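With the numbering used here as the guide, the letters of the sequence shown map in order to residues 39 to 433. First comes the structure, then the notes that go with it.
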Amino acid sequence: MKGIAILGSTGSIGQSTLDVLGRYPERFEVVALTARARWQLLAEQCRRWRPQLAVLADPTHAAELRAALAAAGLRTEVLTGEAGLVVAATLPEANIVMAAIVGAAGLAPTLAAARAGRRLLLANKEALVMSGRLLLDAVAANGAELLPIDSEHNAIFQCLPPTRPGVVPAGVVRIWLTASGGPFLRRPLDTLAAVTPEQACAHPRWVMGRKISVDSATLMNKGLELIEAQLLFGVPAGGIEVVIHPESIVHSLVAYSDGSTLAQMGNPDMRTPIAHALAWPERMESGVESLDMLRLGGLHFEAPDRGRFPCLRLAEVAARSGGTAAAILNAANEVAVAAFLEGRLNFTAIAAVIERVLERQPAAVVSSLADVLAADGEARRRAMELVVGFAGEAA
Ligand code: NAD
Ligand code: MG
Numbered sequence: 039m040k041g042i043a044i045l046g047s048t049g050s051i052g053q054s055t056l057d058v059l060g061r062y063p064e065r066f067e068v069v070a071l072t073a074r075a076r077w078q079l080l081a082e083q084c085r086r087w088r089p090q091l092a093v094l095a096d097p098t099h100a101a102e103l104r105a106a107l108a109a110a111g112l113r114t115e116v117l118t119g120e121a122g123l124v125v126a127a128t129l130p131e132a133n134i135v136m137a138a139i140v141g142a143a144g145l146a147p148t149l150a151a152a153r154a155g156r157r158l159l160l161a162n163k164e165a166l167v168m169s170g171r172l173l174l175d176a177v178a179a180n181g182a183e184l185l186p187i188d189s190e191h192n193a194i195f196q197c198l199p200p201t202r203p204g205v206v207p208a209g210v211v212r213i214w215l216t217a218s219g220g221p222f223l224r225r226p227l228d229t230l231a232a233v234t235p236e237q238a239c240a241h242p243r244w245v246m247g248r249k250i251s252v253d254s255a256t257l258m259n260k261g262l263e264l265i266e267a268q269l270l271f272g273v274p275a276g277g278i279e280v281v282i283h284p285e286s287i288v289h290s291l292v293a294y295s296d297g298s299t300l301a302q303m304g305n306p307d308m309r310t311p312i313a314h315a316l317a318w319p320e321r322m323e324s325g326v327e328s329l330d331m332l333r334l335g336g337l338h339f340e341a342p343d344r345g346r347f348p349c350l351r352l353a354e355v356a357a358r359s360g361g362t363a364a365a366i367l368n369a370a371n372e373v374a375v376a377a378f379l380e381g382r383l384n385f386t387a388i389a390a391v392i393e394r395v396l397e398r399q400p401a402a403v404v405s406s407l408a409d410v411l412a413a414d415g416e417a418r419r420r421a422m423e424l425v426v427g428f429a430g431e432a433a
């Protein structure tokens with residue numbers, strides 16, 4: 039029996055993880071569940087999974103959650119805040135930690151799980167992107183295992199021979215990172231400024247949380263993934279190429295010096311990478327059907343248009359800059375996307391805010407977590423000011 043803590047259990051990845059785990063009650067035991075604020079859903083999950091710990095990052099409704107769990111006769115302890123998340127990530131009973139919080143809020147517990155030497159299933163790409171080598175170093179120094187959940191990185195992992203994270207395997211000449219292109223791949227450019235959050239979140243292939251959905255519409259998601267791949271696989275940014283593949287069947291590819299190119303394919307369903315990482319190096323059923331090659335039809339590939347998707351270009355610049363550039367990019371993006379989702383910023387202004395923050399805040403060397411958090415905080419302040427400025431211009 040393996041114990042698993044799910045950070046962000048009420049989200050899209052968290053719920054897909056529970057769906058896979060529900061098939062193996064004799065193999066996995068859920069020991070901790072966490073959410074930001076959705077206490078009713080967290081209570082429902084606790085009634086079904088009976089974890090020893092439940093954490094609400096936002097403490098507002100902790101009393102309601104405690105009362106609901108007590109009424110159900112559960113002995114689940116309830117903790118709150120970042121400290122509670124860290125307890126969940128480092129419970130002695132948690133052999134496996136699913137890092138599925140969205141954004142920089144997941145950094146502290148994800149890093150704590152790495153330091154505790156756990157098998158870390160990493161969906162929370164922002165934590166890796168902003169901290170760079172710090173997270174990988176913590177994994178290496180503490181005998182943790184890092185398995186990527188992001189479908190592209192899980193695909194690349196499957197196409198590579200086993201190596202330590204961050205060490206480039208011999209014979210690899212290029213990684214092809216596939217991108218669906220999101221909902222606005224063909225939309226007339228002059229209509230982009232006016233798109234609504236609902237339109238941006240209506241992804242043609244994947245059902246996901248709102249922040250990553252917007253990132254997929256701007257292609258910032260692919261930019262963050264480029265940095266994620268650079269770190270995970272030890273390949274310089276120039277060795278990774280983004281290719282648009284609207285069908286989202288090929289999840290990424292690895293090209294070798296002998297002319298071989300290996301691809302991982304499957305229906306677009308996150309339960310596949312989740313089950314892969316839970317069972318690795320074995321395999322287990324995920325509830326996802328394998329492809330029917332007789333019905334698949336055509337698969338298409340094309341170059342991304344960086345004029346249409348300036349966020350991809352900005353991420354590529356940050357990837358080459360190194361140091362705190364990725365943390366600055368990520369923080370500015372989180373602020374701009376939140377403002378867009380709240381109706382305070384136009385879709386096309388997301389890239390404009392990030393570009394100005396990157397111009398005004400030079401990248402510094404990362405030697406500690408404090409460097410990362412300082413860059414993150416400063417970029418957030420600058421981005422918030424710019425958002426207010428843009429809102430003023432629009433009014
Ligand atoms: P989501 O918005 O559906 O869920 C996010 C989860 O994090 C929720 O449980 C929420 O309660 C929790 N959370 C949010 N803010 C928090 C905070 N401040 N403190 C503590 N907890 C907080 O997001 P998602 O789509 O499940 O994505 C989660 C992560 O996985 C993201 O980093 C995303 O990029 C990555 N990812 C998602 C998918 C996907 O298909 N959904 C695919 C690849 C990678
Ligand atoms: Mg992805």
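C-beta atoms are modelled at their ideal positions from N, C-alpha and C, and glycine is treated no differently. Given the structure is predicted, the values throughout are model-derived calculations rather than measurements.
- Here H283 really is in contact with A217; their C-beta atoms are around 7 Å apart, less than 8 Å.
- The alpha-carbon separation between G247 and E236 amounts to approximately 12 Å.
- In this structure, L352 lies away from E397, with their beta-carbon atoms at least 7 Å apart.
- A contact is defined here as three or more CB-CB pairs under 8 Å, and the stretch 336–354 fails this definition with respect to the stretch 184–194.
- DSSP places T229 within a helical segment (H, G or I) once states are collapsed to three.
- Distances from the CA of A387 to each of I287, G141, V233, E64 were compared; the closest alpha carbon is that of V233.
- V125 has its CB no nearer than 6 Å to any heavy atom of the ligand NAD.
- Nearest C-alpha to V210 among G277, P89, S324, V245: G277.
- Sixteen is the threshold: since fewer than 16 other Cβ atoms of the shown chains lie within 10 Å of the Cβ of M39, the residue is exposed.
- Under the 8 Å Cβ criterion, the stretch 326–336 counts as touching the stretch 300–307, having at least three qualifying pairs.
- By the neighbour-count definition (other C-beta atoms within 10 Å, threshold 16), R202 is an exposed residue.
- By the C-beta criterion, the stretch 175–185 is judged to be in contact with the stretch 151–161, since at least 3 inter-stretch pairs fall below 8 Å.
- For the pair S251 and M136, the Cα-to-Cα distance works out to about 20 Å.
- Across the set E164, A108, P97, the C-alpha of E164 shows the shortest separation from the C-alpha of A143.
- H191 sits in a helix when the DSSP states are folded into three classes.
- Inter-segment contact for the stretch 362–380 and the stretch 411–424 is present: three or more beta-carbon pairs are separated by less than 8 Å.
- Residue side-chain check: G52 places its Cβ nearer than 6 Å to a non-hydrogen atom of the ligand NAD.
- In the structure shown, the three-state DSSP call for R85 is helix.
- In this structure, G219 lies away from A138, with their beta-carbon atoms at least 7 Å apart.
- In the three-state scheme derived from DSSP, where H, G and I count as helix and E and B as strand, E115 is classed as strand.
- For G272, the closest of I213, F222, S298, G336 by C-alpha to C-alpha distance is I213.
- Three or more Cβ pairs closer than 8 Å define a contact, and the stretch 368–377 meets that threshold against the stretch 164–174.
- Only buried fits V425, as 16 or more other CB atoms lie within 10 angstroms of its CB.
- The residue among G336, W77, V280 with its C-alpha nearest the C-alpha of D96 is W77.
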